[in-house]
Amino acid sequence: MKKKLFAILLSIVMVVGLLPVTALAADPTVYDIWVDGVQVTSENKDNLCSGTVSYDPTTHTLSLNNATLDKDTKSGYGIKTNIPSTLKIRLTGTNSITRTYPGGGVGIYLNYSNSVEITGDGTLVINVIGENYDGISTGADVKISDKARVIINSEGGLGIAGRMVEIDGATVDSTGLYAGIDAHRLKIVNGADVTLKATQDKRNGAFIRKDNEGNGGDIELAASKVKATSYYPALFTEGNLTVNGGEVSCTSTADGAIWTKGDILIKGGAKVTTDGKFPMGGNGTFTVEEAEVDAKNTNVNNIPAIFDECVPVIADGYHLNYAKAVDSEGTEIDLLSSGTQYFALYKNVHFITKAVYPVSFVVTPDSLTNVVVKVNGQEVTGPVSLEAGTYPVEVTADNCKAYTGNITITADAATHTQTIAMTYLPADYTKVDEAIAKANALNKDNYKDFSAVEAAVNAVVRDKNITEQSEVDAMAKVIEDAIAALQYKDADYTKVDAAIAKANALNKNDYKDFTGVEAAVNAVTRGKNLTEQTEVDAMAKAIEDAIAALQYKDADYTKVDAAIAKANALKKADYKDFSGVETAVKAVVRGKNITEQSEVDKMAKAIEDAIAALEKKPASTKPGTSDKSPQTGDTSNLALWIALLFISGGAAIGTTVVSRKKKYNR
């Protein structure tokens, strides 16, 4: 009996020893996440399906790299999780989740408290056709950021459903039967590009509602491009709508393109375009800062584009820069001068608002009278509201030079006070200049003592302004008084003699007409006394004026014209580089006179030198064409051509003779 028991125990030990080691290993860790119908475990987390799909349980990150999730099972989910944390999905390459089973299947499903964040630079395409099943569904938050691109088509449900949906710099195209996005808050920022569409009638492209506690319900769009289309308002919110920069285009096929139960604020240079069958607007206020709004109503009936109880209000610090409307008959109407009060009367309203800044002008000195300031040609009497930009300014004041210049206005408050420093008109020095000219016209050597006149002239102080005119007039009087006190010497012919000598020193052949000088010299009368000094000086002046009026003869351009003609006769295509000749020709300056003849001759020489430096291009070497063909103007090979002509003729005659001999010697 003992032997049998021992044998049984030994057999059991041997069987256990033969079992695989894995049969004794610990059970794998199971995670609350399913991918394409398969629960993720510690064993399969690095290779879940086609493409590369892996899960990092430490960071709760699911990485999709060219993955295809298309296991089409009843009530299956592309990705499903109950993990107590945010699921991070990182996209690389092109990925897809497809659920075609009519009975159901959500693309990405998270329980009520779980959020999902999609990042990466790849693409995810979600196609779901099950009735009432969504592309992405969670009771918490959905964030799509980085450079991720997500395309959703939910034929029987919502494109994206969540508590808060945030799209940050990503590209999203979400189409759902009921809505592209259904959430308690929508935030699209930082250059995102989003397209939303609802395919069923009486639905919204984005349906943003308050939660059960009455919180949320807001849409925030900032510096992004958003396009929404649906039957009911493409953007509908139970809270407020804020558009800060970017472009927003909304289309409703049967209602207003945008409707809010709260307030609307458009700012930051945003461009908003609406196209609907009924007015856009809301139950709250409609405030516009800096923006462009183009509201259209395509209803066949005469229905305005903007709700009459939600007429836009231009915020303080902004103004209408452009405003036009189109009435039911297609007539364009300019509304700029009337403000926004008539915006709710027309089918199409297009307006642009810009920021304006209160600009004040300070004109100095303070004591100026009759100061007039004009901006853009319009007189301003106090602070003026101006957009950022550059404006022409004109300022005038009594006894001042008129100021003209430009001012540049920016958001910087330092540019909102413009100080214009006026310059007084200069004092009138006409009398002073006349007195000095009178003194200068005198020959000091003709007077016994000329020092008083010189002292008076040297005492003149320039650059006095109009407020110091009496001082300037006093300077002129001092000079005049000094001149009046002068006593003549005997008449002096020094100037006359000098002028005649100056005339005699001239070469009359250098001037076009020398007769005026000769006449002035011949008119000199000798023997005048000091009391007739003015007549003597007039004789000298007549000669000097005649000399001053002389005009040199024109320089001789014969050589230049000959050189240009020579250059024009050449064929520039025959030379390697003709630019030197062209440059020399273009450098010719006409209108020189005879004293500048050497410069004119240099122009001619420059052209001649450039022609002399020309190098001909080598002859063509095409098959059947001699590379020794003569060039235009090249006669060096003429004899060679004549010799070749005779040789060719002789060869032809010889060939003919031999041919005939062969014919008759057969």
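Quick note, the sequence shown lines up with residues -25 to -1, 1 to 641 if you use mature numbering (1 follows the signal peptide of the UniProt record, and there is no 0).
Glycine included, every Cβ here is placed at the ideal spot set by N, Cα and C.
Remark: C-beta atoms of residue 120 and residue 141 approach each other more closely than 9 Å. By the C-beta criterion, the segment 345 to 360 is judged not to be in contact with the segment 401 to 420, since fewer than 3 inter-stretch pairs fall below 8 Å. Between the alpha carbons of residue 12 and residue 235 lies a gap of roughly 40 Å.
A direct Cα-Cα distance of roughly 43 Å separates residue 513 from residue 563. Taken through DSSP and simplified to helix, strand or coil, residue 175 comes out as coil. Residue pairing from DSSP places residue 10 in a beta bridge opposite 13 and 54. Less than 9 Å separates the beta-carbon of residue 10 from that of residue 53.
Where residue 573 is concerned, there is no enclosing beta strand (DSSP E), although the alpha helix (DSSP H) around it starts and stops at 572 to 587. Pairing residue 479 with residue 501, the inter-Cα distance amounts to about 18 Å. Residue 325 has 269 and 299 as its beta-bridge partners, per DSSP. Taking each of 417, 551 and 590 in turn and checking the Cα distance to residue 457, the smallest one comes out for 417. Listed in chain order, the non-local C-beta contacts of residue 165 below 8 Å within the same chain comprise 143, 144, 197, 198 and 199, local neighbours out to five positions each way being set aside. Annotated as proximal: residue 171 and residue 202, with beta-carbon spacing under 9 Å. Judged by pairs of C-beta atoms under 8 Å, the segment 369 to 379 does not touch the segment 309 to 323, as fewer than three such pairs exist. Contact between the segment 380 to 399 and the segment 333 to 340 is established, with three or more Cβ pairs separated by less than 8 Å.
In this structure, residue 205 lies near residue 173, with their beta-carbon atoms less than 9 Å apart. In this model, residue 104 and residue 75 are separated by some 5 Å (Cα to Cα). A check of alpha carbon separations from residue 344 across 391, 114, 521 and 399 identifies 399 as the nearest. Beta bridge pairing from DSSP links residue 85 with 56. For residue 70, the closest of 227, 483, 3 and 97 by C-alpha to C-alpha distance is 97. Residue 282 is not bridged by DSSP to any residue. Taking the C-beta atoms as reference points, residue 157 is found no nearer than 9 Å to residue 194. For residue 556, the secondary structure class from DSSP, reduced to helix, strand or coil, is helix. Partner residues in the beta bridge of residue 353, as assigned by DSSP, are 350. Within the segment 210 to 254, the runs of beta strand (DSSP E) at least 3 residues long that lie entirely inside it are, in chain order, 210 to 212, 216 to 219, 222 to 227, 233 to 235, 239 to 242 and 245 to 251. For residue 116, the enclosing beta strand (DSSP E) stretches over residues 116 to 120.
In the three-state scheme derived from DSSP, where H, G and I count as helix and E and B as strand, residue 149 is classed as strand. Cα atoms of residue 368 and residue 333: separation of roughly 16 Å, rounded to the nearest angstrom.
In this structure, residue 214 lies near residue 191, with their beta-carbon atoms less than 9 Å apart. By the Cβ-count criterion, residue 189 is exposed, with fewer than 16 other Cβ atoms from all chains shown falling within 10 Å of its own Cβ. Residue 358 counts as exposed, since fewer than 16 other C-beta atoms from the protein chains shown sit within 10 angstroms of its C-beta. An exposed status is given to residue 77, since fewer than 16 other beta-carbon atoms sit within 10 Å of its beta-carbon. The three-state secondary structure of residue 446, taken from DSSP, is helix. The beta carbons of residue 545 and residue 586 sit closer together than 9 Å. Exclusion of the five residues before and after residue 573 leaves no residue of its chain whose Cβ lies closer than 8 Å to its Cβ. Excluding residues up to 5 positions away in sequence, 515 lie with their Cβ nearer than 8 Å to the Cβ of residue 473 in the same chain.
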